[in-house]
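Undergrad: If you read the sequence shown in the numbering used here, its first letter stands for residue 70, the second for the next number, and so on. A single structure is presented below for examination.
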Amino acid sequence: MPVFLHDTMSREKRPLLPKPGREIYGMYCCGPTVYGPAHIGNFRTFTVQDVLRRTLEVGGLKVKHVRNITDVDDKTIRGAQAAGQTLGDFTKKWTEKFHADCKALGLLAPHVEPSAVVHIPQQVAMIKALVDRGHAYVAKDGSVYFKVCSCPDYGKLNHIDFSKLETQTENSAGEANDADEYERESASDFALWKSRKPEDGANFWPSPWGEGRPGWHIECSAMSLAHLGATFDLHGGGIDLCFPHHENEIAQSECATGVKGFAAHWFHSAHLMVEGEKMSKSKGNLYTLDELVAKGFSPMEVRYTLISGHYRSSLNFTMKGVDDSRSALAKLERGADRLLAAAGFTRAEFAAPVAQEVQTSWGRFAKAWEVLQDDLNIPGCLGQVFTVLAEKDEPSAEQARQDVSGLAKILFALGLELFVVKAEVAIPADVADLGARRWAAKQSKDFAAADQLRKDLATLGWTMLDRKDGYDLKKS
Ligand SMILES: [Zn+2]
């Protein structure tokens, strides 16, 4: 049975299968803008995409996963100038950091990771095709704009009717409209090529319209064409990219190539909230992976938290939630250990299932796999896994062997690695001492003393998490 997934454009759940006559399933995902560390909101999208890719592979599809690197835009140019570095050095540093974070979170590297800077000739060629076909025009300063009114079905992804739109080369304040992004439902002609400005510094390239640099939207159209062709199977991104970025991608690509059906399926993941609030710079809650690791969480615990909600619902990321993920992973490890013992396997034999090697047996995890294949219902799948692991009766050795095969494949699809040695955060001696004294006070039911010691720990920036049989100390 194929995976069924909600498609943003048709608003239906549809099977994910390669186009007839093709063997490879091509997916394009909008990648990071490399001007700083990615935050957990970005990683929610990338992690959910990773689970989709893994699920397709476990299901037996050959996937070609393309995810671009945005290494030229307003933010990267400003960032490089502020850092006193060349654009290339600056974006290389942040690309490497992104790769390190992805690896820690267990994200499979995409098969192709094209860079926008490397694909400037392809972007220029596509803009030229749009000008030649009458879908773009050159402004007085040498910038090139996409003419939205030349594309009658512009808005089809977001179900917005823009048919009455006039050509707009200026915004309402009378300034040239060269912003990379604009507000939902205020569509306007958008920049394909931005003419060279003094603030761009050394970052400009030649084009038939003079020196400049590409606008942001065109890179994904050019790079998906270069690596997946004029039409491909699935396009993914965070919901914030659905408009205008993805609408613009469709318009650029279909108008430039003359081929309709740019992406057969649109996959968007919902927003991430932090402690019930919208993420924003001003609130200081744009957590990076490093910040969470400094709080004592492991990347695998962060990953579990990021995938624990349904991808179509907004996820409330909380520190309590990451703590719960720690307990859930420990519970998975205990359950897996029991199955391994019953099957006569070691942990090492469980660790590395090969995705492409599709074994027939799912054991008692067949239902969990079925649930995962139905619109990537990760929470439902995990619920099924825990239901099986909670069954009291000891399985036979044969049953346990099949179960191990099924569980290993489910965990591979979710990208959850068990039995990872956790990096311990060093606990200072005075903190350890306070912790031991508080535990002793609690055991002897001296709650007033225990409460005071908890406050002393908090003053030093530490929290104590009590378990039935002991406690953990965690940096708060
Ligand atoms: Zn994109």
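Where is the CB? At the ideal position from N, CA and C, for every residue including glycine.
#1: Nearest to Lys347 by CA position, among Gly153, Ile146, Gln442 and Phe386, is which residue?
#2: Going by C-alpha to C-alpha distance, which of Val120, Lys88 and His75 sits closest to Ile447?
#3: Enumerate in chain order the residues of its own chain whose CB-to-CB distance from Lys329 is below 6 Å, with the five nearest sequence positions on each side excluded.
#4: Can you pull the DSSP bridge partners for Asn385?
#5: Is it buried or exposed, Arg403, if we count other Cβ atoms within 10 angstroms and call 16 or more buried?
#6: What separation, rounded to the nearest whole angstrom, lies between the Cα atoms of Thr238 and Val454?
#7: So if I measure from each beta-carbon to every heavy atom of ligand 1 and keep distances below 5 Å, which residues remain?
#8: Could you say which of Asn272, Gly279, Leu358 and Asp393 lies nearest to Ser212 if we only look at CA atoms?
#9: Gly539: buried (16+ other C-beta within 10 angstroms of its C-beta) or exposed?
#10: Can you tell me the Cβ-Cβ gap for Met195 and Ser293, rounded? I've got them flagged as a contact below 8 Å.
#11: Thinking C-beta only, is Asp462 closer than 8 Å to Phe434?
#12: What do you get for Lys478, buried or exposed, if any count of 16 or more other CB atoms within 10 angstroms of its CB means buried?
#13: Please report the residue range of the beta strand (DSSP E) in which Ala260 lies.
#14: By the DSSP assignment, the alpha helix (DSSP H) with Trp431 in it spans what residues?
#15: Let me know the secondary structure DSSP gives Glu280 once reduced to three states.
#16: Can you look up His315 in the DSSP assignment and give me helix, strand or coil?
#17: Check whether the stretch 298-314 touches the stretch 334-351, counting contact only when three or more Cβ pairs, one atom from each stretch, lie closer than 8 Å.
#18: Express the C-alpha separation of Glu268 and Leu529 in angstroms, rounding to a whole number.
#19: Touch check for the stretch 194-210 and the stretch 109-119: three-plus C-beta pairs under 8 Å?
#20: In the stretch 491-539, which residue ranges form an unbroken alpha helix (DSSP H) of at least 4 residues, counting only runs that do not cross its ends?
#21: Rounded to the nearest angstrom, what separates Leu534 and Thr429 at their Cα positions?
#22: Please name the residue in Val193, His334 and Lys88 whose C-alpha comes closest to that of Phe273.
#23: Can you tell me which of the three DSSP states Arg91 falls into?
#24: Hey, quick one: how far does the alpha helix (DSSP H) through Val117 stretch, first residue to last?
#25: Measure the C-alpha to C-alpha separation of Pro84 and Val72 and round it to an integer number of angstroms.
#26: For the candidate residues Ala517, Gln442 and Arg395, whose alpha-carbon lies nearest to that of Leu130?
#27: Closest Cβ-Cβ distance between Ser264 and chain D: below 8 Å?
#28: What does DSSP give as the partner residues of Thr139 in its beta bridges?
#29: State the start and end residues of the unbroken alpha helix (DSSP H) segment that holds Lys364.
#30: Alpha carbons only, please: which of Tyr356, Pro275, Ser349 and Ala185 is nearest the one belonging to His108?
#31: Report yes if the C-beta distance between Leu226 and Met78 is below 8 Å; otherwise report no.
#32: Give the straight-line distance between the Cα atoms of Ile102 and Asp515, rounded to the nearest whole angstrom.
#33: Can you give the Cα-Cα distance for Glu460 and Leu487, rounded to whole angstroms?
TA: Walking through what the data contain:
#1: As a working mapping, residue 347 is identified with position 278 in the sequence shown. Closest by alpha carbon: Phe386.
#2: Locating residue 447 in the sequence shown gives position 378, where the first residue counts as 1. Comparing Cα-Cα distances from Ile447 to each of Val120, Lys88 and His75, the minimum goes to Val120.
#3: Here residue 329 corresponds to residue number 260 of the sequence shown, with the count starting at 1. Answer for Lys329: Glu323, listed in chain order.
#4: The sequence position of residue 385 within the sequence shown is 316, counting from 1. Bridge partners of Asn385: Met342.
#5: By one-based count along the sequence shown, residue 403 stands at place 334. When all chains shown are included, Arg403 counts as exposed.
#6: For this step, residue 238 is matched to residue 169 along the sequence shown. For this step, residue 454 is matched to residue 385 along the sequence shown. Reliability fails at Thr238, whose pLDDT of 46 lies under 50, so the model's placement of it is uncertain and the value that follows must be treated cautiously. Each residue's Cα considered, the two are about 55 Å apart.
#7: Cys99 and Cys289
#8: Translated into positions along the sequence shown, residue 212 becomes position 143. For the residues Asn272, Gly279, Leu358 and Asp393, the minimum Cα distance to Ser212 belongs to Gly279.
#9: Counting from 1 along the sequence shown, the entry for residue 539 is found at position 470. The C-beta of Gly539 has fewer than 16 other C-beta atoms within 10 Å across all chains shown, which makes the residue exposed.
#10: Taking the first residue of the sequence shown as 1, we reach residue 195 at position 126. Taking the first residue of the sequence shown as 1, we reach residue 293 at position 224. Contact flag wrong, Cβ pair sits at about 11 Å.
#11: Counted from its first residue, the sequence shown places residue 434 at position 365. Counted from its first residue, the sequence shown places residue 462 at position 393. Their beta carbons are not under 8 Å apart, which means Phe434 does not touch Asp462 by this criterion.
#12: Locating residue 478 in the sequence shown gives position 409, counting from the first residue. Buried.
#13: The count along the sequence shown starts at 1 and reaches residue 260 at position 191. Residues Phe259 to Ser264.
#14: For the purposes of this step, residue 431 is identified with residue 362 of the sequence shown, where counting begins at 1. Taken as a continuous stretch (DSSP letters only), Trp431 belongs to no alpha helix (DSSP H), as it is neither H nor E.
#15: Counting from 1 along the sequence shown, the entry for residue 280 is found at position 211. Looking at Glu280 - three-state DSSP - the assignment turns out to be coil, as it is neither helix nor strand.
#16: Sequence index remark: in the sequence shown, residue 315 carries index 246 (1-based). Here His315 sits in helix by DSSP.
#17: yes
#18: Taking the sequence shown and counting its residues from 1, the one referred to as residue 529 is at position 460. Taking the sequence shown and counting its residues from 1, the one referred to as residue 268 is at position 199. Spanning the two alpha carbons is a distance of roughly 46 Å.
#19: no
#20: 498-512 and 516-528
#21: For the purposes of this step, residue 534 is taken as the residue at position 465 of the sequence shown. For the purposes of this step, residue 429 is taken as the residue at position 360 of the sequence shown. Between Leu534 and Thr429, the C-alpha separation is close to 42 Å.
#22: Translated into the one-based positions of the sequence shown, residue 273 becomes position 204. Checking every option, the nearest Cα to that of Phe273 belongs to Val193.
#23: The residue labelled residue 91 in the question sits at position 22 within the sequence shown. If DSSP states are grouped into helix, strand and coil, Arg91 belongs with coil.
#24: The residue given as residue 117 occupies position 48 in the sequence shown. Val117 -> alpha helix (DSSP H) spans Ile109 to Val127.
#25: In the sequence shown, the residue the question calls residue 84 occupies position 15. In the sequence shown, the residue the question calls residue 72 occupies position 3. Rounded to the nearest angstrom, the two C-alpha atoms are 6 Å apart.
#26: Reading the sequence shown from its first residue, position 61 is the one you call residue 130. Here the closest residue by C-alpha is Gln442.
#27: In the structure shown, chain D does not exist; there is a single protein chain.
#28: Here residue 139 corresponds to residue number 70 of the sequence shown, with the count starting at 1. Paired residues: Thr102.
#29: The residue you call residue 364 lines up with position 295 of the sequence shown. Unbroken run through Lys364: none, as it is neither H nor E.
#30: Translated into the one-based positions of the sequence shown, residue 108 becomes position 39. Per the Cα distances, Tyr356.
#31: Along the sequence shown, one-based indexing puts residue 226 at 157. Along the sequence shown, one-based indexing puts residue 78 at 9. The answer is yes: Cβ separation under 8 Å.
#32: For the purposes of this step, residue 102 is taken as residue 33 along the sequence shown, with counting starting at 1. For the purposes of this step, residue 515 is taken as residue 446 along the sequence shown, with counting starting at 1. The sequence shown places Thr at residue 102, not Ile. Roughly 53 Å separates the two Cα atoms.
#33: Walking along the sequence shown from the start, residue 460 turns up at place 391. Walking along the sequence shown from the start, residue 487 turns up at place 418. Whole-angstrom Cα-Cα distance: 20 Å.
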